[in-house]
Each structure stands twice: as structure tokens, then as C-alpha cells.
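In full-length UniProt numbering, the protein residues as written are 1 to 431.
Quick look at the structure:
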């Protein structure tokens with residue numbers, strides 16, 4: 001009698017018979033021996049079927065298996081230092097659950113468009129499985145850090161009557177007889193929740209109708225958005241760098257095999273330790289001008305600027321105190337210099353750009369009301385947000401971490417589309 005287990009746990013059963021349930025990744029044959037590479041979501045193992053030992057019928061079943069056929073295989077677990085994972089399975093019996101049709105994604109090179117059209121199948125290959133596991137561990141690490149530091153998760157709505165930024169990049173929809181938008185950020189709702197619970201965060205999808213095709217952009221993406229009452233600018237930055245340091249360490253400790261599959265240089269990640277370097281916007285502009293970039297004070301940074309600035313350092317970089325005029329209306333101005341805001345962007349090294357944007361929020365009713373007038377925002381739509389400044393307002397801060405950008409950087413992948421299971425890009429809504 002065999003025990004049904006997973007490939008990840010076969011080492012617990014060395015010398016014993018086990019049954020594995022999974023799919024055929026690949027196979028090869030040398031006459032009277034067939035080598036089946038079987039995967040089950042937890043790992044990959046080679047199963048060796050010797051015709052003289054398994055008999056004609058079982059050997060014929062092995063021969064009939066096609067790529068991605070589902071199966072149950074029973075055999076003896078044998079330690080083998082040469083094998084991936086350190087173990088092989090000596091086959092005793094094989095049951096074909098389903099013989100797969102000719103698999104579209106054969107074990108050869110395919111174009112990106114073809115792979116994206118078959119994304120529902122592409123997620124099965126080792127590289128994509130590794131990325132999905134890393135994503136899961138990043139999400140686990142974020143929640144563990146925030147939950148362990150007194151934050152409460154609160155889930156904001158995806159349908160909203162307004163935006164915390166420019167509505168031109170929002171998806172419009174009809175909410176019965178009202179106009180509504182798919183959310184671009186849950187920040188405003190998190191500010192309300194912070195006045196109830198002190199420290200809160202959300203984790204969920206956001207949508208931006210931005211017609212961008214760069215390797216850093218998705219139309220649907222996930223954001224982690226903490227908001228904290230009684231937290232000001234400097235403490236906000238300390239929390240951000242501690243969170244990111246924790247996430248990177250967690251992935252290094254829990255995803256060694258996945259990072260190896262991706263060919264990631266883990267020595268670069270090992271250097272990610274708080275505190276992170278900081279440059280003011282003024283210092284960044286000065287550095288860029290000295291290095292022959294055509295940029296003036298008051299301009300926003302593009303990807304080349306961010307990459308050049310971040311490449312000076314071996315860990316993420318904060319650029320802080322941007323001009324108020326180029327930032328969102330809700331950001332608190334520096335009381336000592338009102339033309340700049342108490343805000344910061346965290347830039348990942350190695351050319352991955354901004355992974356966090358955050359700021360101290362305006363907590364004074366009159367100043368926020370003034371910002372509403374300056375930006376011509378409809379007061380009836382935002383009345384509830386103004387209310388937060390009328391009933392026990394306090395200094396408060398928050399930030400948004402882009403999950404896919406963070407995963408892309410930690411994983412070392414070229415394009416953000418692989419950092420989410422089913423990406424939505426400018427020309428991609430299928431599958």
C-alpha cells in the first residue's frame with residue numbers, strides 16, 4: 001500500500017512506495033527504459049520505468065503519455081544526488097487520468113504574442129510557476145509585516161464616484177443612473193479607516209486607462225496601500241523601507257529554488273537593508289543636470305532619469321520633497337518650504353523604477369478646501385473626504401506599493417506582464 005504525497009515531500013518517504021498525482025512535463029526513452037518528468041505544482045521529479053520491472057501494460061501506458069497528460073504514478077522513492085531535488089521514483093505502476101491532445105506550447109522557443117495568447121497554459125512552465133510562487137510569497141510577507149506591526153486590513157470599494165487623482169485615466173462605467181469609475185487607488189477610503197483603526201492597509205486591484213506600452217505598465221495592477229494616523233513624513237519613509245527589507249529577506253529565505261529557476265542574482269538582493277539612501281528632488285535635479293540630462297526644476301522624472309538616479313545605489317532610493325505643483329492635491333506641503341510636498345517615491349535599483357509612492361496627507365480643512373478650489377474638484381463628490389478634516393483630524397501619512405513592479409524587481413524579470421497570472425495590457429484582454 002502506497003502513501004499519496006507531493007513531490008516536495010518525497011524525501012520524507014525515501015525507500016518507501018508513494019503515489020504522486022500530476023502532469024507529464026517531458027519524457028525520453030532509451031529502448032526498454034522510459035524516463036518520465038512529472039510535475040505536480042510543488043516540484044519536478046524523474047520517474048524511471050523499466051520494462052522488465054513494470055511489465056508490458058504499464059510500459060505501454062508510459063509510452064502513450066503525451067506532454068501535459070495527467071497521471072497517477074506509484075513507485076519507490078530513491079535518493080539520487082544527481083537528480084533535481086535529490087530524489088527519483090522507480091516506477092511500479094502508472095494510471096493515465098487523461099491523455100492530453102497535442103500541447104500548443106512545446107518545449108522550444110515561442111514568440112511573446114503566442115505565449116500570451118496561451119497564457120492559461122503558459123503558467124504551467126517552470127519559469128512561470130516560479131514567478132507565481134514568488135508573487136504569493138511577496139503577498140504573504142507584506143501581510144505578515146503589516147499584520148505584525150499593528151495594521152488592520154480594510155477592503156475599499158472597486159467602484160467609486162470619484163478619483164484621488166486625474167479622472168482622465170480612469171475607466172468609466174454606469175452605476176445604474178450614476179456615472180462611476182473603476183478605482184485607481186483605495187487611498188481616500190484608507191484615510192477614513194485610519195481615523196477609526198489607527199493603522200490600516202488594503203491589498204487589491206486598481207485600474208488605470210493609460211495608453212502605455214512600456215515594460216513597467218499594466219492596465220490592471222495590484223496595490224498595497226497602508227495609511228497611518230499620527231504618522232508624519234520621516235516615519236512614513238522608515239515604515240516603507242522596513243517593509244521592503246522584510247519582503248526581500250522573506251523571498252530570499254523562502255524562494256531559493258524559484259530564484260535559481262529564474263537565474264536571479266541573489267547577491268544584489270542580499271544588499272537590500274534599511275535604511276535606504278535619500279535624495280531630495282533638488283539634489284536629484286542637480287545631479288541629473290551635472291550628468292547632461294535636459295531637465296529643469298519643476299519637471300517630473302521619466303524612466304531614464306529614475307534609472308540613472310537609482311543606479312548610483314545598491315538598494316532602493318528615496319527621492320523626496322517634489323514640487324507641490326507636480327504632485328497630487330492631497331499631499332501636505334513642507335511647512336518650511338510650501339512649494340515642495342512632504343512626499344517621496346521609492347525607486348528600485350537595476351532600472352525597475354518607482355515601486356512606492358507616498359506622502360504625508362493634508363490634514364487641515366481650510367488648506368484641503370483651497371486645494372479643491374485650485375484643482376476644480378466637485379465638492380459634492382468629495383464632501384465625505386473633506387469631512388475627515390472636520391471631525392478630529394490628525395497628521396497622517398500613507399503610501400502605495402505596486403505589487404507587480406516589486407515582484408518584477410525582486411525576480412529580475414524584464415517585463416512586468418509576467419508578474420501577474422493573467423495580465424491586462426493596452427492590447428491584451430484575453431484570456
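Don't be surprised by glycine CBs; every beta carbon is placed ideally from N, CA and C.
Reduced DSSP secondary structure (H/G/I, E/B, other) of residue i
i	result
residue 219	coil
residue 319	strand
residue 311	coil
residue 336	coil
residue 183	coil
residue 414	coil
residue 329	coil
residue 98	strand
residue 63	helix
residue 275	coil
residue 397	strand
residue 23	strand
residue 285	helix
residue 172	strand
residue 86	helix
residue 267	helix
residue 190	helix
residue 72	strand
C-beta contact flag for residue i and residue j at 7 Å
i	j	result
residue 362	residue 382	no
residue 283	residue 347	no
residue 62	residue 49	yes
residue 84	residue 44	yes
residue 189	residue 146	no
residue 77	residue 10	yes
residue 356	residue 403	no
residue 367	residue 233	no
residue 130	residue 339	no
residue 359	residue 320	no
residue 413	residue 135	no
Contact set for residue i: own chain, Cβ-Cβ below 6 Å, skip 5 residues either direction
i	result
residue 171	182, 207, 209
residue 373	none
residue 415	215
residue 70	23, 97, 98
residue 197	152
residue 144	none
Sequence-distant residues of its chain with Cβ nearer than 8 Å to residue i (five each side left out)
i	result
residue 191	227, 361, 385, 388, 396, 398
residue 107	26, 67
residue 28	34, 35
residue 315	271, 272, 273, 276, 277, 349
residue 7	20, 22, 38, 39, 40, 42, 43, 44, 45, 85
residue 5	12, 13, 18, 19, 20
Alpha-carbon to alpha-carbon, residue j and residue i
i	j	result
residue 33	residue 51	6 Å
residue 211	residue 221	14 Å
residue 376	residue 195	26 Å
residue 318	residue 277	6 Å
residue 409	residue 138	12 Å
residue 436	residue 184	The structure shown has nothing for residue 436, since the chain only spans 1 to 431.
residue 380	residue 291	47 Å
residue 225	residue 31	58 Å
residue 2	residue 352	48 Å
residue 299	residue 120	42 Å
residue 295	residue 177	46 Å
residue 186	residue 390	21 Å
residue 378	residue 179	14 Å
residue 345	residue 255	27 Å
residue 438	residue 303	Summary: the structure shown does not reach residue 438, with the chain confined to residues 1 through 431, and so no result is reported for it.
Cβ-based neighbour list, residue i, same chain, cut-off 7 Å, excluding 5 preceding and 5 following
i	result
residue 421	123, 132
residue 162	381, 382
residue 231	396, 397
Pairs of beta-carbons, one from the segment 84-94 and one from the segment 51-60, closer than 8 Å: are there three or more?
yes
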